[in-house]
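In the numbering used here, the protein residues as written are 74 to 391. For glycine and all other residues, C-beta sits at the position ideal for the given N, C-alpha and C. These numbers were taken from a predicted model, which means no experiment stands behind them.
This is how it looks when you write it as structure tokens:
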């Protein structure tokens with residue numbers, strides 16, 4: 074049964090970041106608006122969790138049924154169904170400020186649509202298995218505008234880093250309810266602080282190391298193929314950005330591709346993400362470092378660039 078992580082127990086045995094420990098607390102952030110109570114709770118129909126920076130249904134903690142709330146402040150309904158033991162969720166919410174719809178299928182997709190009623194501004198968050206998360210906001214659904222935002226990335230932290238203001242307006246409060254009080258914006262800031270403060274001592278996994286092991290996955294000797302897969306597993310989540318990039322290569326055979334996909338899908342954690350676990354996952358993700366670079370001072374930028382070069386990645390730009 075998954076358990077919620079607490080900062081007092083970080084990092085887990087999967088973590089290879091040094092020094093151990095969590096980043097310093099961030100200042101209290103004024104919430105966009107206070108979320109109402111509702112159908113999300115420990116004892117509710119379904120539990121959502123954050124694993125590898127993505128929202129997931131907990132396949133072990135759900136029950137089929139419908140829950141509804143209708144009062145003077147808001148209306149809300151959630152229906153949980155399942156096919157062959159795999160849960161799906163259909164959810165609707167509306168108050169005087171916003172309406173939200175969510176459709177989620179375990180292991181396949183999650184889609185959230187938000188509309189701000191006073192202005193008509195819309196946002197759509199789409200998360201599909203094996204693909205980048207996509208985020209779009211439209212000031213006017215009928216007319217394109219320079220103020221519209223588009224963002225994508227393998228984790229929700231990439232989305233927050235590219236459009237924090239839109240994310241806060243539309244879904245941070247809602248996702249915090251889904252995750253029983255955890256704010257994605259605060260988690261992103263704590264993770265980025267961890268990476269910035271420890272960039273000189275992060276464990277190094279280089280692109281050359283990963284590519285050599287991927288090449289070894291097509292060795293004629295099964296013992297060498299197994300050894301390469303074992304070594305890639307030992308690198309933990311730090312290797313995932315390199316493995317995801319490797320899937321774009323056109324010289325992979327069927328076994329290489331299958332083994333890489335299996336390694337990516339095999340999450341080494343069973344509890345929910347923490348800043349240090351996410352830092353381990355994203356320490357070799359150049360795209361996230363590039364997003365962070367726009368907010369770094371000169372000293373932080375130089376240290377981050379040094380880390381990126383040690384990983385065999387292209388230098389950051391400003």
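{"Asked": "Can you tell me the Cβ-Cβ gap for residue 208 and residue 198, rounded? I've got them flagged as a contact below 8 Å.", "Found": "5 Å"}
{"Asked": "Residues in the same chain with beta-carbon distance under 8 Å from residue 215, minus the five sequence neighbours each way, listed in chain order, please.", "Found": "none"}
{"Asked": "If the criterion is Cβ atoms closer than 7 Å, does the pair residue 359 and residue 320 meet it?", "Found": "no"}
{"Asked": "Three Cβ pairs or more, each shorter than 8 Å: is that satisfied between the region 137-147 and the region 183-198?", "Found": "no"}
{"Asked": "According to DSSP, is residue 251 helix, strand or coil?", "Found": "helix"}
{"Asked": "With residue 316 as the anchor, note down where its beta strand (DSSP E) starts and where it stops.", "Found": "Per DSSP, residue 316 belongs to no beta strand (DSSP E); it is in the alpha helix (DSSP H), 313-319."}
{"Asked": "Just list the residues that DSSP pairs residue 290 with in beta bridges.", "Found": "Answer by DSSP bridge pairing: none, since residue 290 is not bridged."}
{"Asked": "Taking DSSP as the reference, what is the three-state secondary structure of residue 214?", "Found": "coil"}
{"Asked": "Decide if residue 135 is buried, meaning its Cβ has at least 16 other Cβ atoms within 10 Å, or exposed.", "Found": "buried"}
{"Asked": "Classify residue 116: buried if its beta carbon has 16 or more other beta carbons within 10 angstroms, exposed otherwise.", "Found": "exposed"}
{"Asked": "With residue 243 as the anchor, note down where its alpha helix (DSSP H) starts and where it stops.", "Found": "It is not in any alpha helix (DSSP H) - residue 243 carries neither H nor E in the DSSP assignment."}
{"Asked": "Quick check on DSSP: helix, strand or coil for residue 394?", "Found": "Any answer about residue 394 is impossible in this case: the structure gives the chain only from 74 up to 391."}
{"Asked": "If I'm right that residue 332 touches residue 302 with Cβ under 8 Å, what's the distance once you round it to whole angstroms?", "Found": "6 Å"}
{"Asked": "Using a Cβ distance threshold of 8 Å, determine whether the region 321-328 contacts the region 275-283, with at least three qualifying pairs required.", "Found": "no"}
{"Asked": "What whole-angstrom Cβ distance do residue 277 and residue 384 have, given they're in contact under 8 Å?", "Found": "6 Å"}
{"Asked": "Could you tell me the distance, in whole angstroms, from the CA atom of residue 307 to the CA atom of residue 336?", "Found": "10 Å"}
{"Asked": "Please state the DSSP three-state secondary structure of residue 407.", "Found": "The question about residue 407 has no answer here: the residues shown for the chain are numbered 74 through 391."}
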